[in-house]
Structure formats: structure tokens, C-alpha cells
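Engineer: The structure under discussion is supplied below as C-alpha cells; questions concerning it will follow.
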Amino acid sequence: MTEEIFLKDSYTKEFEARVVKLEGREVRLERTAFYPGGGGQPPDKGFLGIGPIRAMVVDARREGGEVVHVLDRPIPDTVRDLKGELDWGRRFVHMRYHTALHVLSGVIWRNFDARVTGGQMRADRARMDFSFPGEWTADVVGEIERLTNEDLAEERPVMVYELEREKALANPELIRTQVNLVPERVRRIRIVEIQGLDTQADGGTHVANTREVGRMEITGHKSKGRQNKRIEFVLR
898 MTEEIFLKDS YTKEFEARVV KLEGREVRLE RTAFYPGGGG QPPDKGFLGI GPIRAMVVDA
958 RREGGEVVHV LDRPIPDTVR DLKGELDWGR RFVHMRYHTA LHVLSGVIWR NFDARVTGGQ
1018 MRADRARMDF SFPGEWTADV VGEIERLTNE DLAEERPVMV YELEREKALA NPELIRTQVN
1078 LVPERVRRIR IVEIQGLDTQ ADGGTHVANT REVGRMEITG HKSKGRQNKR IEFVLR
């Protein structure tokens, strides 16, 4: 099992780790700060190396409880330890967008009783899909943008912690985010809570306070069915 540093500290930019396995351009480490992707958040990129040896991490993925780092070139199989360096600009943008999606989710639930059905982020934009029971107009979309920016500006702390599975399943806030879909083998569930607004089971990386997100600007919206709606946005 790879120790996933980012689960407890999203702000780790560099780290050292022992090599578990080298196979071609793929490297497995005993610990890593590289997020392997998931939950709509892309995997991290950056570098792995030691001394004069340096390779770019072009992809990362989870496989059998381990994080596999995919390099742009193979490194010598005699290497036993490596230093990792994240592309911090890319990671931090993903953290901002991921937290923004949670704030948007909280606003839509609190003010419009609408449940999120999907989301995706990139380095320069994000989208969210949800089941919206009411009238869908440009005025409603404008109100969603206004309310979301108000909550972002309130500088709400973003807290990360774990709950026993039974406690998580009994929490009504988590039930609405389908925590029951977390595999049965997972006995402790990682929670991301935006104080006073949103609580979700989540495995991604986030900023520590909503003030770090910036301002959200909705760039597009569409109806994808009777209730299924989509919002597209960028951060400023």
C-alpha cells in the first residue's frame, strides 16, 4: 500500500520516498504526494529524481492499493530512493477548483434543494451537473453565481478528517452525497467539510480556506433533460 501524503496534507510540494518497484517508465513508491486522479480531479504531474537523474511524471493512477507514477523516460533500476516535486501551479489550481465545486454543491443544496449528479475539473475550468427541481432560467443561474461568491468570500475553513463508516452512514449530510457508495471494505471514510456549508466523503485535494479559491464566474449553463442541468465556470 502506498502512503498517500495528500490525504492529510494537500500542501506538500516535495517529498522523499523509497522505491518499491521500477518497471519501464512506471514507478511505485512507499509514499507519495502525487494525487493519482479520481472524483473528477485530474492526476498530478511533476518530477521524480535523485542527483543527476530526473524524469517528468506525466501521469499517475491507483492500481491495487498502490499509486503508479508514469514517467516520460525510464530511470535506472539501481535507484533505491527518489525525490518527488509536484507541478505546484497545476496542483493548486485543481485544489481551488475542487473546493469551488464543493461550495457550489453546498449552495445549490441549501438554496435550491438540488442534488449533484456529477462534476469535472480542468486546470482552467470546471463543470457541475445536478438534478434541479425548479424553474431553470438565466436569473436563477445568476443567483447561483452570486450566492456562491458570497460563500467563497466568507472565508470558511475547509477541514479534512476521518469518520468511522457507521458514523458517516448515520450523518444525514453525508447520506445525500451517497457515502453509501464507498466500498464496504473501507471502514474509515475521509470527510471534507466546508464549515457551515457542505460536508462530503471525498478523496481529493482542497485549499484550507475558501478565500484561496477566488471568485467564480459562470461561463455557460444548459438543460440536459427535464431536471438534469449543467453549470460551467471558471475561477478569477
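Note that our numbering has the sequence shown beginning at 898, numbered continuously upward.
Just so you know, even glycine gets a beta-carbon here, dropped at the ideal spot from N, CA and C.
Model, not experiment: these values are computed from the prediction.
Count the CB pairs spanning the stretch 989-1008 and the stretch 962-970 that are closer than 8 Å, and state whether there are at least three.
Structural biologist: With a cut-off of 8 Å, the stretch 962-970 and the stretch 989-1008 do not count as touching, because too few Cβ pairs lie within range.
Engineer: On the premise that residue 1024 lies in contact with residue 1114, defined as a C-beta separation below 8 Å, what is that separation, rounded to the nearest angstrom?
Structural biologist: Working through the sequence shown from its first residue, we reach residue 1114 at position 217. Working through the sequence shown from its first residue, we reach residue 1024 at position 127. No, residue 1114 and residue 1024 are not in contact; Cβ-Cβ is about 13 Å, not under 8 Å.
Engineer: Touch check for the stretch 932-941 and the stretch 909-922: three-plus C-beta pairs under 8 Å?
Structural biologist: Touching, no.
Engineer: Are the beta-carbon atoms of residue 1003 and residue 1094 separated by less than 9 Å?
Structural biologist: By 1-based counting over the sequence shown, the position of residue 1003 is 106. By 1-based counting over the sequence shown, the position of residue 1094 is 197. Taking 9 Å as the Cβ cut-off, residue 1003 and residue 1094 qualify as a contacting pair.
Engineer: Looking at the unbroken beta strand (DSSP E) that takes in residue 1023, where does it start and where does it end?
Structural biologist: Taking the first residue of the sequence shown as position 1, residue 1023 is located at position 126. Counting along the chain, the beta strand (DSSP E) containing residue 1023 begins and ends at 1023-1028.
Engineer: According to DSSP, which residues form a beta bridge with residue 1056?
Structural biologist: Counted from its first residue, the sequence shown places residue 1056 at position 159. DSSP output for residue 1056 lists 1090 as bridge partner(s).
Engineer: Should residue 1091 and residue 1071 be called a contact, given that it needs their Cβ atoms to be closer than 9 Å?
Structural biologist: Counted from its first residue, the sequence shown places residue 1091 at position 194. Counted from its first residue, the sequence shown places residue 1071 at position 174. Cβ atoms of residue 1091 and residue 1071: not closer than 9 Å.
Engineer: Report buried or exposed for residue 1117, applying the criterion of at least 16 other Cβ atoms within 10 angstroms of its Cβ.
Structural biologist: Your numbering for residue 1117 matches position 220 in the sequence shown. So residue 1117 counts as exposed.
Engineer: Secondary structure at residue 1135, three-state DSSP: helix, strand or coil?
Structural biologist: Absent from the structure is residue 1135, since the part of the chain shown begins at 898 and ends at 1133.
Engineer: Could you check where the beta strand (DSSP E) with residue 1107 kicks off and where it finishes?
Structural biologist: The sequence position of residue 1107 within the sequence shown is 210, counting from 1. Premise fails: residue 1107 is in no beta strand (DSSP E) and is neither H nor E.
Engineer: Please state whether the Cβ-Cβ distance between residue 1029 and residue 1125 is less than 9 Å.
Structural biologist: One-based indexing of the sequence shown puts residue 1029 at position 132. One-based indexing of the sequence shown puts residue 1125 at position 228. Yes, Cβ-Cβ distance for residue 1029 and residue 1125 is below 9 Å.
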